[in-house]
Amino acid sequence: MNSEQTAPRRKTGEFTGWHMLAIVFLFFGTIITVNGFLAFSAFTSWTGLVVQNSYVASQEFNDKLAASRAQAALNLDVQLTYRDGKLVFTLRDAQGDPVTLEDVSIALTRPIGITQDRTLNLDPQGDSYAVAEDLPAGVWNVVIHAGMPGHPDFNYRARLIVDVKPLPGS
142 MNSEQTAPRR KTGEFTGWHM LAIVFLFFGT IITVNGFLAF SAFTSWTGLV
192 VQNSYVASQE FNDKLAASRA QAALNLDVQL TYRDGKLVFT LRDAQGDPVT
242 LEDVSIALTR PIGITQDRTL NLDPQGDSYA VAEDLPAGVW NVVIHAGMPG
292 HPDFNYRARL IVDVKPLPGS
């Protein structure tokens with residue numbers, strides 16, 4: 142008789158501790174990888190910068206508030222449209238007459254990210270101010286700034302939604 146003892150052989154397909162360890166590493170590895178990707182994306186897609194210098198911005202608050210109240214008292218009617226690759230801005234006073242502006246600019250930014258941000262100058266076209274610009278579909282933050290003779294500078298903030306173009310034959 143042979144006195145050698147042999148280790149019991151494992152059955153094929155048997156679940157072992159090594160299998161459990163692999164599952165745990167895959168589970169937590171997936172979670173850590175996804176969280177790392179999301180954190181990296183968040184960190185690189187938004188600057189977090191709202192103003193260059195918060196102290197200076199706080200010192201200008203009362204002046205900006207007074208200008209905003211003066212602008213609201215004028216009861217202006219603002220129209221902003223985007224059609225066929227053209228932004229059109231119209232400003233009318235309480236009587237419906239067009240308001241003359243100087244140096245009209247529009248800053249277009251995405252709510253998230255800075256890669257598509259742009260600032261454009263609008264040119265007078267009759268009673269309106271316009272610029273041709275091809276904007277990708279989606280949501281845009283709009284800030285219009287213009288000189289308004291006899292009044293504080295005109296400032297207007299809004300959201301602009303550019304629709305997706307329909308597919309041919311739809």
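Every letter in the sequence shown is one number past the one before it in the numbering used here, and letter 5, counting from 1, is 146.
Note that the Cβ used here is the ideal one computed from N, Cα and C, for glycine as well.
If you're wondering where the values come from, they're calculated on a predicted model, not measured in any experiment.
Between the beta-carbon of V284 and the beta-carbon of A248, is there less than 8 Å? Residue mapping note: residue 284 aligns to position 143 of the sequence shown, counting from 1. Residue mapping note: residue 248 aligns to position 107 of the sequence shown, counting from 1. In this structure, A248 lies closer than 8 Å to V284 by Cβ.
For the beta strand (DSSP E) containing D218, name the first residue and the last one. Locating residue 218 in the sequence shown gives position 77, where the first residue counts as 1. First-last of the beta strand (DSSP E) with D218: 218–224.
For A271 and L228, which I take to be in contact (beta-carbon distance under 8 Å), what is that distance rounded to the nearest angstrom? In the sequence shown, residue 271 corresponds to position 130, counting from 1. In the sequence shown, residue 228 corresponds to position 87, counting from 1. A271 to L228, Cβ: 6 Å. Contact.
Would you kindly check if the distance between the Cβ of D234 and the Cβ of L263 is under 8 Å? For this step, residue 263 is matched to residue 122 along the sequence shown. For this step, residue 234 is matched to residue 93 along the sequence shown. No. Outside cutoff.
N- and C-terminal bounds of the alpha helix (DSSP H) containing T171: By 1-based counting over the sequence shown, the position of residue 171 is 30. Segment 158–186, the alpha helix (DSSP H) holding T171.
Given this structure, state the Cα-to-Cα distance separating V240 from A183, to the nearest angstrom. One-based indexing of the sequence shown puts residue 240 at position 99. One-based indexing of the sequence shown puts residue 183 at position 42. Rounded to whole angstroms, V240 to A183 spans 42 Å at the Cα level.
Just how far apart, CA to CA, sit D258 and F166? As a first step, residue 258 must be located in the sequence shown, where it is residue number 117. As a first step, residue 166 must be located in the sequence shown, where it is residue number 25. Roughly 42 Å separates the two Cα atoms.
Going by other Cβ atoms of all chains shown within 10 Å of its Cβ, with 16 needed for buried, is V245 buried or exposed? The sequence position of residue 245 within the sequence shown is 104, counting from 1. Classification of V245: buried, given that the 10 Å Cβ count is 16 or more.
Identity of the residues DSSP links to E243 by a beta bridge: Along the sequence shown, read from residue 1 onward, the residue named residue 243 stands at position 102. E243 is bridged to G288.
What's the C-alpha gap between A207 and G291? Within the sequence shown, the letter at position 66 stands for residue 207. Within the sequence shown, the letter at position 150 stands for residue 291. Cα to Cα, the separation comes out at about 15 Å.
For V219, which residues in the same chain have their Cβ closer than 7 Å to its Cβ, ignoring the five residues on either side in sequence? Here the question's residue 219 lines up with position 78 in the sequence shown. The answer, listed in chain order, is L232, Y297.
Which same chain residues end up closer than 7 Å to A299 when comparing Cβ atoms and leaving out the 5 residues on each side of it in sequence? Position 158 of the sequence shown, counting from 1, holds the residue named residue 299. If we look at A299 and ignore the five residues flanking it on each side, its Cβ neighbours are L221, V283.
Buried or exposed, going by whether 16 or more other CB atoms sit within 10 Å of the CB of A287? Here residue 287 corresponds to residue number 146 of the sequence shown, with the count starting at 1. With 16 or more Cβ atoms within 10 Å of its Cβ, A287 is classed as buried.
Just to check my reading of the structure: G226 and E274 have Cβ atoms closer than 8 Å, yes? What is that Cβ distance to the nearest angstrom? In the sequence shown, the residue the question calls residue 226 occupies position 85. In the sequence shown, the residue the question calls residue 274 occupies position 133. Contact holds; Cβ gap of about 7 Å.
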